[in-house]
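Participant:
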Amino acid sequence: MINDQLNLKNDQHCSINVDHDKFYGVKATLNVWNPKVEKNYEFSLSQVWVIGRDLQNTLEAGWLVHPHLYGTVETRFFTFWTSDNYKTGCYNLECPGFVQINRHNILASYLRPVSEYGGQQYAIDLEIFKDKTTGNWWLRLQGVDMGYWPKELSPYLREGADRVDFGGEVYYFRPGAHTSTQMGSGHFAAEGFKKSSFIKNAQVLDTSYVYRNPPHFYHLIDAERCYDIHVSSKTDGPWGQFFFFGGPGRSAKCT
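The sequence shown begins at 0 in numbering that gives the first Met the number 0 and counts up by one.
1) For the beta strand (DSSP E) containing Tyr217, name the first residue and the last one.
2) Mind the definition here: the region 66 to 82 touches the region 101 to 115 only if three or more C-beta pairs lie below 8 angstroms; say whether that holds.
3) List the residues that DSSP assigns as beta-bridge partners of Lys26.
4) Reducing DSSP to helix, strand and coil, say where Ala188 ends up.
5) Measuring straight from C-alpha to C-alpha, what distance separates Leu110 and Thr74?
6) Taking DSSP as the reference, what is the three-state secondary structure of Tyr69?
7) Answer yes or no: do Trp62 and Phe97 have a C-beta to C-beta separation smaller than 7 angstroms?
8) What distance in whole Å lies between the Cβ atoms of Glu158 and Lys21, which are believed to be in contact at a cut-off of 8 angstroms?
9) Nearest by alpha-carbon distance to Tyr121: which of His215, His229, Leu29 is it?
10) Label His186 either buried or exposed according to how many other C-beta atoms from any shown protein chain fall within 10 Å of its C-beta, with 16 as the threshold for buried.
11) Could you give the residue range of the beta strand (DSSP E) that holds Trp238?
12) Give the list of continuous beta strand (DSSP E) stretches no shorter than 3 residues that lie fully inside the region 88 to 134.
13) Under 7 angstroms Cβ to Cβ from Val113, same chain only, skipping five residues before and after it: list those, please.
14) Would a C-beta distance cut-off of 7 angstroms place Gly167 and Cys13 closer than the cut-off?
15) Looking at Val36: is its Cβ nearer than 7 angstroms to the Cβ of Ser43?
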């Protein structure tokens, strides 16, 4: 299914990207919010990416606010895949691809409740990993297997992923000015816990099929006056490798 995700001319990211190795999985805990989205065709998300051959293949999962796709501004769980650098592919079950085996937790389901600024926080545990026997890539949500992407969808992931990413993304459709679509909680990373969105316990599955903290990574920040990221240097606590990210979009500094 061709859609706006496949034509990302105005997409902006705040993420940590891990490469220069082979990876057979990724897992993390994603703080769940309901960011404001300015226009119907825009979206805001928090997710993990599994990437092969410089974005030729991606397997993606997380939470998303996308009024055009869902007909609502509520936060939903989602998956996405492409096998040709976003020329084709689709969300959830909107085209043949992802095979859902769990009928109790539905793809594109609402995520309720969501975190409150300065209040109660909510999060989801996500995992994407390659099955050693079949070569299929499995999705696990809250410790429950949801289904898999068949290996035929991901020819550039047969020997593992070249890169995995964790973070947020905004797509906007506003010629001549920046969007007011928020990322994460709509607040910058410096505000910290209960105010800025976080991803914690970010780990990669190595060639020995052992989960570990990313051995190295770089930051991707496309518009730091609009959205930013702060990665903790402390990784030995209960949050493991974690970071805060997000922002309000258009402002006096972000135009």
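Built from N, CA and C at the ideal position, the CB exists for glycine as well.
Facilitator: For this structure:
1) From DSSP, the beta strand (DSSP E) with Tyr217 extends over 217 to 220.
2) Enough Cβ pairs lie closer than 8 angstroms, so yes.
3) Note: Lys26 is bridge-paired with Glu126, Gln202 in the DSSP secondary-structure output.
4) In the structure shown, Ala188 sits in a helix (DSSP, three-state: H, G or I).
5) Take the alpha-carbon of Leu110 and the one of Thr74: they are about 6 angstroms apart.
6) Three-state DSSP puts Tyr69 in a helix.
7) No.
8) About 7 angstroms separates the beta carbons of Lys21 and Glu158, which is inside the 8 angstroms limit, making them a contact pair.
9) That would be Leu29, whose Cα lies nearest to the Cα of Tyr121.
10) Burial state of His186 is buried, judged by a 10 Å Cβ sphere holding 16 or more other Cβ atoms.
11) Where Trp238 is concerned, there is no enclosing beta strand (DSSP E), because DSSP gives it neither an H nor an E.
12) Complete beta strand (DSSP E) runs here, min 3: 122 to 129.
13) Annotation for Val113: Val31, Trp32, Asn33, Thr74, Tyr121 place their beta carbon closer than 7 angstroms to its own, counting only its chain and skipping 5 residues before and after.
14) Yes; because the gap between Cβ atoms is below 7 angstroms, this pair is in contact.
15) Here Val36 is near Ser43, since their CB atoms are less than 7 angstroms apart.
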